[in-house]
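Presented below is the structure to which this report refers.
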Amino acid sequence: MEQPTLAGLSVPRTRRRPRARDVEVEPAAELPVARVAVELSPAHLDRSFEYLVPATLDAKAVPGARVKVRFGGQDVDGYLIERVAEPEHDGALVPLRRVVSAEPVLTPAVAALSRAVADHYAGTLPDVLRLAIPPRHARTEGEVPAAGTEPAGAPPQLSARAWTPYRGGPAFLSHLSAGGSPRAAWVALPGPAGERWPDAVAEAVAATLVGGRGALVVVPDARDVDRVCAALVEAGIPAWEPGQPDSSHVRLMADEGPSRRYRAFLAVLRGLARVVVGTRAAAFAPVRDLGLAVCWDDGDDLHAEPRAPYPHVREVLALRAELEDTGLLLAAHARSVETQALVASGWVREVAADRAEVRRRTPRVRALTSVELAREGPAAAARLPGPAWRTIRERLADGPVLVQVPRAGYLPAVACARCRAIARCTACHGPLQLGSAQATAQCGWCGRLATDWRCDACGHGAFRSVSVGSDRTAEELGRAFPGVTVRTSGARSATGVLAEVPDRPALVVCTIGAEPVAVGGYAAAVLLDAGVSTGSTSLRATEEALRRWLAAAALVRSGGDGGQVLLVGDGAERPTQALVRWDPAGLAERELAERAEVGLPPAVRVAELVGERGAVRQVLDRVPLPAGGDVLGPVPVQEPEPAAGPVQLTLAGSEDEVVVRALVRVPVTAGRELARALGASLAVRSARREPGGVRVRLDPREML
1 MEQPTLAGLS VPRTRRRPRA RDVEVEPAAE LPVARVAVEL SPAHLDRSFE
51 YLVPATLDAK AVPGARVKVR FGGQDVDGYL IERVAEPEHD GALVPLRRVV
101 SAEPVLTPAV AALSRAVADH YAGTLPDVLR LAIPPRHART EGEVPAAGTE
151 PAGAPPQLSA RAWTPYRGGP AFLSHLSAGG SPRAAWVALP GPAGERWPDA
201 VAEAVAATLV GGRGALVVVP DARDVDRVCA ALVEAGIPAW EPGQPDSSHV
251 RLMADEGPSR RYRAFLAVLR GLARVVVGTR AAAFAPVRDL GLAVCWDDGD
301 DLHAEPRAPY PHVREVLALR AELEDTGLLL AAHARSVETQ ALVASGWVRE
351 VAADRAEVRR RTPRVRALTS VELAREGPAA AARLPGPAWR TIRERLADGP
401 VLVQVPRAGY LPAVACARCR AIARCTACHG PLQLGSAQAT AQCGWCGRLA
451 TDWRCDACGH GAFRSVSVGS DRTAEELGRA FPGVTVRTSG ARSATGVLAE
501 VPDRPALVVC TIGAEPVAVG GYAAAVLLDA GVSTGSTSLR ATEEALRRWL
551 AAAALVRSGG DGGQVLLVGD GAERPTQALV RWDPAGLAER ELAERAEVGL
601 PPAVRVAELV GERGAVRQVL DRVPLPAGGD VLGPVPVQEP EPAAGPVQLT
651 LAGSEDEVVV RALVRVPVTA GRELARALGA SLAVRSARRE PGGVRVRLDP
701 REML
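Going by the working numbering, the residue at position 61 of the sequence shown is 61; the numbering climbs one at a time, nothing skipped.
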């Protein structure tokens with residue numbers, strides 16, 4: 001018999017017992033409903049789905065576990081987000097197929113961060129989770145000790161040697177060691193052993209461990225990982241191995257291989273190690289009680305994820321700092337305009353040295369422009385002018401000399417020797433290049449050899465160089481300085497990218513980003529072809545040139561120890577002067593002010609849509625523009641294809657099939673509103689299966 005309810009009182013909600021659909025399954029006694037994020041890409045499926053937890057899977061089906069579920073007539077992977085007592089779905093539920101592993105690889109903090117990143121970039125949660133969680137390696141799960149089996153290690157000794165020369169540096173460490181969450185933007189200076197940027201990062205990590213919390217350091221590449229790990233060992237934070245205390249560190253990189261990567265991931269997940277050092281994907285590492293997140297050199301392109309939804313490490317860590325109330329350190333030898341915008345807003349505080357300290361620790365910088373070299377006469381036009389040649393000869397007596405070249409290869413671009421027209425492939429019209437003095441010219445797009453090449457303009461069959469690569473530079477320097485060891489460093493070099501060179505006289509020729517570290521610092525550095533570095537039409541050409549120059553100049557000894565840096569060529573005035581003054585923050589401040597005047601990022605939030613005209617128009621029509629927003633374009637685009645040259649526009653058929661690019665620009669305060677609107681429009685597009693393709697990217701690295 002049912003008890004009636006008195007008039008005027010609400011009817012109590014009766015608890016519904018979830019039931020299985022199609023098959024007889026006994027549900028779990030407690031919390032029998034699982035909410036699962038399925039690994040499906042369509043935007044309209046970016047939500048959790050409810051499944052029944054069978055009693056047989058009750059113990060294994062823990063929040064964060066990998067599961068297999070039935071969806072759309074097929075088995076798909078997913079992550080169990082949470083378990084609840086009652087379903088929101090009125091009908092019968094499909095039971096979980098199986099629990100792949102009871103390991104809770106998706107922690108609540110990482111799940112919240114992944115959701116925030118997906119929303120920030122108008123992406124989907126499954127796409128972010130593919131970046132955040134490494135593939136499972138079943139055998140490794142049994143090799144890593146269980147949680148709670150590692151001894152609690154004593155915190156390392158706290159030191160502030162590397163931070164003492166900077167205003168706010170010691171205070172930053174004090175806040176970390178006291179359990180605070182300071183946020184700082186730091187311009188690092190070169191210095192002696194014990195005071196370089198890896199040493200300072202290690203001290204910040206040690207201060208965080210003293211405060212009883214974990215730390216995360218994200219750097220661009222494996223060489224930087226090695227440098228930070230070596231500094232951590234010096235600071236008393238050892239590499240983790242079974243039996244090591246929890247105040248140890250792990251390396252988390254995709255290059256480590258699936259087994260080693262998953263082993264490091266599990267060590268952090270189970271609380272066996274409290275410090276993570278890694279590359280891009282390590283920004284999502286499940287560090288317990290995270291107290292500090294560090295991003296080194298946020299201007300490096302390697303921090304930008306090339307896969308949807310294209311998150312940047314700086315933004316991921318900034319979101320994580322807000323969600324988990326952690327400290328944040330954005331550090332580099334240079335200063336990106338995005339970091340400067342955070343400084344200007346007051347969201348992070350600046351940590352920098354005064355001018356006297358800058359002059360004491362940096363090398364003497366000289367710009368050899370055409371004006372500076374006018375008195376050299378015709379020799380001023382040489383790629384290695386007299387002053388640079390003399391400096392190399394003098395400084396070789398004291399140690400290695402670094403020569404930075406902006407382009408790799410031998411002759412990456414050639415022209416007709418008579419009329420100087422750029423030499424192009426007769427098949428695809430791609431640029432021709434030479435790999436060595438004896439090599440046959442080859443197309444840079446299709447790879448075809450130009451055996452019988454003749455200039456289309458004048459019929460001549462000989463080449464002249466247009467740009468000189470690192471291999472040709474090394475060859476020329478070897479002839480100019482006989483008897484001197486010449487080393488090359490670069491991805492396309494025969495020796496690959498060198499991590500370190502000995503403290504002996506030698507010429508080290510490298511491409512940008514491949515500068516090896518000299519043990520005692522370089523005696524001098526020569527930065528060639530400044531005009532090439534600043535000649536790009538990119539929005540970031542100015543700040544990127546300075547960032548690359550400073551990365552090389554920071555490896556040189558101080559001016560007091562005879563260190564010299566020569567910038568050769570007519571580069572743009574603004575980055576050239578910023579290098580001579582060693583003032584990256586000043587350049588970033590001026591760049592930010594100018595971008596604010598003309599409405600360019602990061603003063604505004606921008607979304608880029610690339611696709612067929614009809615598809616782009618459909619997506620934009622569903623996006624309401626906030627106050628102050630506007631749409632630029634759409635305009636036809638040509639996107640280069642590495643192997644076959646430029647993509648031809650689809651002109652056949654209707655105009656809606658032409659590939660176009662549109663930019664949506666809104667004030668920064670409306671950035672999240674724009675991301676939500678774009679995400680909703682893409683979900684509608686996915687649900688309706690609208691034709692054509694559209695790529696949406698928020699905060700694109702390039703606009704011009």
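By construction, the Cβ of each residue, glycine as well, lies at the ideal position given by its N, Cα and C atoms.
Exercise. May I ask you to report which of helix, strand or coil DSSP gives A421?
Key: Here residue 421 refers to the residue found at position 421 of the sequence shown. The answer is coil: DSSP assigns A421 none of H, G, I, E or B.
Quiz item: Is there at least one Cβ from chain C nearer than 8 Å to G614's Cβ?
Solution: Checking the listed chains, one finds no chain C in this structure; it contains a single protein chain.
Quiz item: Just the Cα atoms here: how many angstroms apart are L106 and G571?
Solution: Taking the sequence shown and counting its residues from 1, the one referred to as residue 106 is at position 106. Taking the sequence shown and counting its residues from 1, the one referred to as residue 571 is at position 571. Going by the C-alpha atoms only, they are around 48 Å apart.
Quiz item: When the Cα of A491 is compared with those of V484, A514, D503, which residue comes out closest?
Solution: Sequence index remark: in the sequence shown, residue 491 carries index 491 (1-based). The candidate whose alpha carbon is nearest that of A491 is A514.
Quiz item: Can we say the segment 28-38 touches the segment 59-71, given the rule of at least three CB pairs closer than 8 Å?
Solution: yes
Quiz item: By the 10 Å Cβ neighbour count, where 16 or more other Cβ atoms means buried, how is S345 classified, buried or exposed?
Solution: Translated into the one-based positions of the sequence shown, residue 345 becomes position 345. With fewer than 16 other Cβ atoms within 10 Å, it is exposed.
Exercise. Could you pull out every residue in the same chain whose Cβ sits closer than 6 Å to the Cβ of L6, ignoring the five residues on either side in sequence?
Key: On the sequence shown, residue 6 is found 6 positions in, with the first residue counted as 1. In this prediction, L6 scores a pLDDT of 47, lower than 50, which makes its location untrustworthy; the coordinate-derived value is nonetheless stated afterwards. Counting only Cβ-Cβ distances below 6 Å, and skipping sequence neighbours, we find nothing.
Quiz item: Y79 by DSSP, collapsed to three states: which one?
Solution: Here residue 79 refers to the residue found at position 79 of the sequence shown. Y79 falls in the strand class under three-state DSSP.
Practice problem: Specify the secondary structure class of E702 as computed by DSSP and reduced to three states. | Solution: Reading the sequence shown from its first residue, position 702 is the one you call residue 702. E702 falls in the coil class under three-state DSSP.
Quiz item: For the candidate residues S558, G611, D630, V610, whose alpha-carbon lies nearest to that of L705?
Solution: Because the chain here runs from 1 to 704, residue 705 falls outside it and cannot be looked at.
Exercise. Reducing DSSP to helix, strand and coil, say where H718 ends up.
Key: Look at the range of the chain in this structure, 1 to 704, and you will see that residue 718 is not part of it.
Quiz prompt | Helix, strand or coil at E50 [DSSP, three-state] | solution = As a first step, residue 50 is located in the sequence shown; it is residue number 50 there, counting from the start. In this structure, E50 counts as strand in the three-state DSSP scheme.
Quiz item: Between the beta-carbon of W530 and the beta-carbon of H333, is there less than 8 Å?
Solution: As a first step, residue 530 is located in the sequence shown; it is residue number 530 there, counting from the start. As a first step, residue 333 is located in the sequence shown; it is residue number 333 there, counting from the start. Correcting the residue identity first, residue 530 is Ala in this sequence and not Trp. The answer is no: Cβ separation not under 8 Å.
Self-check item: Segment limits, alpha helix (DSSP H) that includes D229
Solution: As a first step, residue 229 must be located in the sequence shown, where it is residue number 229. In the sequence as displayed, the identity of residue 229 is Cys instead of Asp. Residues 222-234.
Quiz prompt | Delimiting residues of the alpha helix (DSSP H) encompassing A705 | solution = This structure does not reach residue 705, given that the chain is present from 1 up to 704, and the question cannot be answered.
Quiz item: What span of residues does the alpha helix (DSSP H) with E573 cover, start to end?
Solution: The residue you call residue 573 lines up with position 573 of the sequence shown. Element bounds for E573: 573-581.
Quiz item: Where does the unbroken beta strand (DSSP E) through L609 begin, and where does it stop?
Solution: Position 609 of the sequence shown, counted from the start, is the residue given in the question as residue 609. Note, L609: beta strand (DSSP E), 604-612.
Quiz item: With a cut-off of 8 Å, do at least 3 Cβ pairs link the segment 304-319 to the segment 113-132?
Solution: yes
Quiz prompt | Closest Cα partner of P387 within the set G599, L93, V565 | solution = Sequence index remark: in the sequence shown, residue 387 carries index 387 (1-based). Answer by Cα proximity: V565.
Quiz item: Who are the Cβ neighbours of G693 in its own chain at under 6 Å, not counting the five residues just before and after it?
Solution: Position 693 of the sequence shown, counted from the first residue, corresponds to residue 693. The answer, listed in chain order, is G611.
Quiz item: Cβ atoms of E543 and V348: under 8 Å apart, would you say?
Solution: Counting from 1 along the sequence shown, the entry for residue 348 is found at position 348. Counting from 1 along the sequence shown, the entry for residue 543 is found at position 543. Against a cut-off of 8 Å, the Cβ pair of E543 and V348 comes out as no contact.
Practice problem: Note the first and the last residue of the continuous alpha helix (DSSP H) segment covering F172. | Solution: To locate residue 172, count along the sequence shown from 1; it is residue 172. First-last of the alpha helix (DSSP H) with F172: 169-177.
Practice problem: Evaluate D224 with the Cβ neighbour count: other Cβ atoms within 10 Å of its Cβ, from every protein chain shown; 16 or more gives buried, anything less gives exposed. | Solution: In the sequence shown, counting from the first residue as 1, residue 224 sits at position 224. So D224 counts as buried.
Practice problem: Would you grab the beta carbon distance between Y79 and L129 for me? Rounded to a whole angstrom, and I think it's under 8 Å. | Solution: Translated into positions along the sequence shown, residue 79 becomes position 79. Translated into positions along the sequence shown, residue 129 becomes position 129. The Cβ separation is near 7 Å, so the contact holds.
Quiz item: Where DSSP assigns a beta bridge to H312, which residues make up the other side?
Solution: Counting from 1 along the sequence shown, the entry for residue 312 is found at position 312. Beta-bridge pairing links H312 to A304.
Self-check item: Helix, strand or coil at V25 according to DSSP, with G and I counted as helix
Solution: Taking the first residue of the sequence shown as 1, we reach residue 25 at position 25. Residue state, collapsed to three classes: coil.
Quiz item: Would you call the segment 629-637 and the segment 579-586 in contact, with 3 or more CB pairs under 8 Å?
Solution: no
Quiz item: Leaving out the 5 sequence neighbours to the left and right, which residues in its chain are closer than 8 Å to A59 when beta-carbon positions are compared?
Solution: For the purposes of this step, residue 59 is identified with residue 59 of the sequence shown, where counting begins at 1. So the list reads A102, once near-sequence residues are dropped.
Quiz item: Is it buried or exposed for E143, if we count other Cβ within 10 angstroms and need 16 for buried?
Solution: The sequence position of residue 143 within the sequence shown is 143, counting from 1. Exposed is the call here.
Practice problem: Please confirm if the segment 470-485 is in contact with the segment 441-450, defined as three or more CB-CB distances below 8 Å between the two stretches. | Solution: no
Self-check item: Backbone secondary structure at G633 - three-state DSSP
Solution: The sequence position of residue 633 within the sequence shown is 633, counting from 1. Strand at G633.
Quiz item: According to the Cβ coordinates, are V660 and V619 closer than 8 Å?
Solution: As a working mapping, residue 660 is identified with position 660 in the sequence shown. As a working mapping, residue 619 is identified with position 619 in the sequence shown. Cβ atoms of V660 and V619: not closer than 8 Å.
Quiz item: Which same chain residues, not among the five before or five after A675, have their C-beta less than 7 Å away from its C-beta?
Solution: Along the sequence shown, one-based indexing puts residue 675 at 675. The answer, listed in chain order, is D119, H120, Y121, A122, L698.
Quiz item: Quick check: the segment 592-608 against the segment 318-331, are there 3 or more CB pairs under 8 Å?
Solution: no
Quiz item: In or out: T488 buried (at least 16 other Cβ within 10 Å) or exposed?
Solution: If you number the sequence shown from 1, residue 488 lands on position 488. By the 10 Å Cβ count, T488 comes out buried.
Quiz item: In angstroms, rounded to a whole number, what distance separates the CA positions of P705 and A160?
Solution: The structure shown has nothing for residue 705, since the chain only spans 1 to 704.
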